[in-house]
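Colleague: To start, I am sharing the structure in question, which I have written as structure tokens.
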Amino acid sequence: MSEFDAQLDALNRSSHEASGFKGCNVNEVGGAWFWFTVMTTIGYGNTAPETTGGRTMVFTLGFISILAFAGLLNNAGNIVTAICDDWIDRTHFKNFRP
193 MSEFDAQLDA
203 LNRSSHEASG
213 FKGCNVNEVG
223 GAWFWFTVMT
233 TIGYGNTAPE
243 TTGGRTMVFT
253 LGFISILAFA
263 GLLNNAGNIV
273 TAICDDWIDR
283 THFKNFRP
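Residue numbers for the sequence shown follow the numbering used here, so the first one is 193 and each next one is one higher.
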């Protein structure tokens, strides 16, 4: 049996013998932490996908989530700026204005 046939046979047997998530322990906290480090571009490097498909998925979705997080930070900054401007106007601290 060739290596390709052996891999195909293993794939077929694993899909037929699979029972959903039986024996699969999903670590939600670890996954959330990993995605937080990707989204905030911290990327500690202690975990990383090993397969090409996993790396492609993390690169693509990570890029999208980085853009979304940047938009979120932009909105938060605009809100904080509006609050500070309002406070400056109300307290008559004109020396804080340029």
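We put the CB at the ideal spot given by N, CA and C, even for glycine.
Which residue marks the beginning of the alpha helix (DSSP H) containing Glu220, and which one marks its end?
Modeller: Here residue 220 corresponds to residue number 28 of the sequence shown, with the count starting at 1. Taken as a continuous stretch (DSSP letters only), the alpha helix (DSSP H) holding Glu220 covers Glu220 to Met231.
Colleague: Give me the Cβ distance between Gly254 and Val230, rounded to the nearest whole Å; I'm assuming they're in contact under 8 Å.
Modeller: For the purposes of this step, residue 254 is taken as the residue at position 62 of the sequence shown. For the purposes of this step, residue 230 is taken as the residue at position 38 of the sequence shown. That pair is a contact at about 4 Å.
Colleague: Compute the Euclidean distance between the alpha carbons of Asp201 and Gly235, then round it to the nearest angstrom.
Modeller: Position 9 of the sequence shown, counted from the start, is the residue given in the question as residue 201. Position 43 of the sequence shown, counted from the start, is the residue given in the question as residue 235. Going from the Cα of Asp201 to the Cα of Gly235 covers about 37 Å.
Colleague: Return the CA-CA distance between Thr244 and Thr252, expressed in angstroms with no decimal places.
Modeller: Stepping through the sequence shown from its first residue, residue 244 is reached at position 52. Stepping through the sequence shown from its first residue, residue 252 is reached at position 60. Roughly 12 Å between the two C-alpha positions.
Colleague: Whole angstroms is fine: what's the gap from Ile258's alpha carbon to Thr273's?
Modeller: For the purposes of this step, residue 258 is taken as the residue at position 66 of the sequence shown. For the purposes of this step, residue 273 is taken as the residue at position 81 of the sequence shown. For Ile258 and Thr273, the distance between alpha carbons rounds to 22 Å.
Colleague: Take Phe228 as the anchor and find which of Thr248, Ile275 and Ala260 has the nearest alpha-carbon.
Modeller: The count along the sequence shown starts at 1 and reaches residue 228 at position 36. Of the candidates Thr248, Ile275 and Ala260, the one whose C-alpha sits nearest the C-alpha of Phe228 is Ala260.
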